[in-house]
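Trainee:
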Amino acid sequence: MFFKFVIRRVLFSIPTIVGIVTVAFLLGKLIPGDPAVAALGLDLDGASTVSQEELERVRTELGLDRPVIVQYMSWFGDALQGDLGRSSVNRESVTALILRAFPNTMFLLLTTISTAALIGISLGVFSALHRGKSADLVARLVTIIGVSTPPFWLALVLILVFAFNLNLFPMNGSVAEHGWIALVLPTASIALQPAALIARMSRSSMLEVLSQDMIRTATAKGLSRWRIILRHGLPNALSPVITVIGFQFANLMGGAVAIEVLFGMPGLGSLLINAIFENDLKVIQGVVVIVGITFAVTNLAVDLLYSVIDPRIKL
């Protein structure tokens with residue numbers, strides 16, 4: 013049963029991935045500017061200094077003179093083989109550029125979602141166990157502040173206080189340069205909002221579970237409060253929380269773009285922003301594809317994990 017469920021969910025993900033690749037290709041066509049001009053190392057103002065023959069030659073080399081459908085089929089076929097083309101600016105493999113940047117982004121995302129999940133679940137359960145008390149009100153106030161605080165503004169404050177004034181953390185750079193300490197401020201900047209959302213869901217889900225008959229039965233049997241919470245309450249409350257964690261992880265891909273640029277981290281965000289400024293079409297398309305596929309794979313993983321926790325999902 014579970015194997016069939018996995019196969020079905022994987023097959024359902026294929027159209028999504030095809031759609032992502034198609035959107036990435038069309039997005040590249042809608043971006044203003046001429047990739048041939050960018051390949052010659054010129055901006056829009058410098059395009060007039062190049063002969064039309066030279067531009068046509070570069071367009072032919074890049075395959076831009078072919079019909080759009082032919083370009084799409086060629087690019088789609090190469091993408092399936094892991095070949096996302098070459099940068100029109102420095103002629104380096106797009107796949108190689110992404111492979112260098114992807115680990116830095118994943119380190120940031122995994123650290124962030126782990127921190128957000130740990131804080132969010134702990135705060136949500138704590139709030140549920142103290143419902144209506146002062147501790148619950150304080151915890152709910154913290155979640156409101158967390159949801160309302162813009163990550164970009166928080167990042168600037170953290171840089172000013174802890175990096176510039178106190179000099180406790182590096183202002184920019186990657187893990188390879190400074191070690192794991194380089195992730196502290198970026199993680200803190202974008203972990204607050206998902207932690208607050210996870211805390212809200214954890215509290216709501218935990219309150220629902222605590223009101224069920226099985227909790228009353230366990231209490232009547234004389235089981236300790238913490239055993240009831242850890243063995244019966246928390247496992248049953250985690251199902252919807254895991255869904256929220258999965259969606260937050262996928263959403264963090266977008267938030268990481270601004271944070272990576274702000275902290276000078278050589279991840280997918282910085283790679284994408286530089287490609288946009290340089291009108292590097294192939295790199296833009298490649299990053300969009302990888303981000304989209306990561307989003308789809310994350311949702312697939314959440315579905316599968318959700319079915320493991322709650323077997324009723326498979327039915």
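Just so we're aligned, residue 13 is where the sequence shown starts under the working numbering, counting upward by one. No residue lacks a Cβ here, since even glycine has one placed at the ideal position from N, Cα and C. All of these numbers come straight from a predicted model, not from anything done at the bench.
1) I need the straight-line Cα distance from VAL301 to SER282, nearest angstrom please.
2) Where do the N-terminal and C-terminal ends of the alpha helix (DSSP H) with ALA230 fall, by residue?
3) Count the other CB atoms, across all protein chains shown, that sit within 10 Å of the CB of GLY58; report buried if there are 16 or more and exposed otherwise.
4) Quick check: PRO198 and ILE271, are their CB atoms within less than 8 Å of each other?
5) Can you have a look at PRO278 and say buried or exposed, based on whether 16 or more other CB atoms are within 10 angstroms of its CB?
6) Looking at C-beta atoms only, is the number of pairs between the region 232 to 249 and the region 292 to 299 that lie closer than 8 Å three or more?
7) List the DSSP bridge partners of SER105.
8) Three-state secondary structure (DSSP) at GLY58?
9) Given a threshold of 16 other Cβ atoms within 10 Å of its Cβ, counted over all protein chains shown, does GLY31 qualify as buried or as exposed?
10) What did DSSP end up calling LYS41 once you bin it into helix, strand or coil?
11) For the alpha helix (DSSP H) containing ARG152, list its first residue and its last residue.
12) Tell me whether ARG69 sits in a helix, a strand or coil according to DSSP, three-state version.
13) Roughly how many angstroms separate the alpha carbons of ILE285 and LEU250, rounded to a whole number?
14) Taking Cβ positions, are ALA208 and THR155 nearer each other than 8 Å?
15) Which residue comes first and which comes last in the alpha helix (DSSP H) that contains PRO163?
16) Have a look at ALA133 and ALA211 and give me their C-alpha separation to the nearest angstrom.
17) Would you kindly report the start and end of the unbroken alpha helix (DSSP H) that includes GLN93?
18) For the ligand GDP, any of its heavy atoms closer than 7 Å to the Cβ of PHE181?
19) Buried or exposed, going by whether 16 or more other CB atoms sit within 10 Å of the CB of PHE176?
20) Can you list, in chain order, the residues of its chain whose CB lies under 7 Å from that of ASN311, leaving out five sequence neighbours each side?
21) Using DSSP with H/G/I as helix, E/B as strand and the rest coil, what is ALA308?
22) Is LEU264 helix, strand or coil when you go by DSSP?
23) Expressed to the nearest angstrom, what Euclidean distance is found between the alpha-carbon atoms of LYS145 and ARG152?
Mentor: With the given structure in hand:
1) 16 Å
2) 225 to 232
3) Confidence at GLY58 is low in this model, with a pLDDT of 49, below 50, so its placement is unreliable and the value that follows should be read with caution. Burial call: exposed.
4) yes
5) buried
6) No, the region 232 to 249 is not in contact with the region 292 to 299.
7) ARG98
8) In this predicted model, GLY58 has a pLDDT of only 49, less than 50, meaning its place in the structure is not dependable; the value taken from the coordinates is given anyway. It is helical.
9) exposed
10) helix
11) 146 to 160
12) helix
13) 37 Å
14) yes
15) 163 to 170
16) It should be noted that the sequence gives Ile, not Ala, for residue 133. Cα to Cα, the separation comes out at about 5 Å.
17) GLN93 -> no alpha helix (DSSP H), and no H or E assigned at all.
18) As presented, the structure is devoid of all ligands, the ligand GDP included, so that no description of it is given.
19) By the neighbour-count criterion, in which a residue is buried when 16 or more other Cβ atoms sit within 10 angstroms of its Cβ, PHE176 is exposed.
20) The beta carbon of ASN311 sits closer than 7 Å to those of GLY258, ALA262, all from its chain and outside the five residues before and after it, given in chain order.
21) helix
22) helix
23) 11 Å
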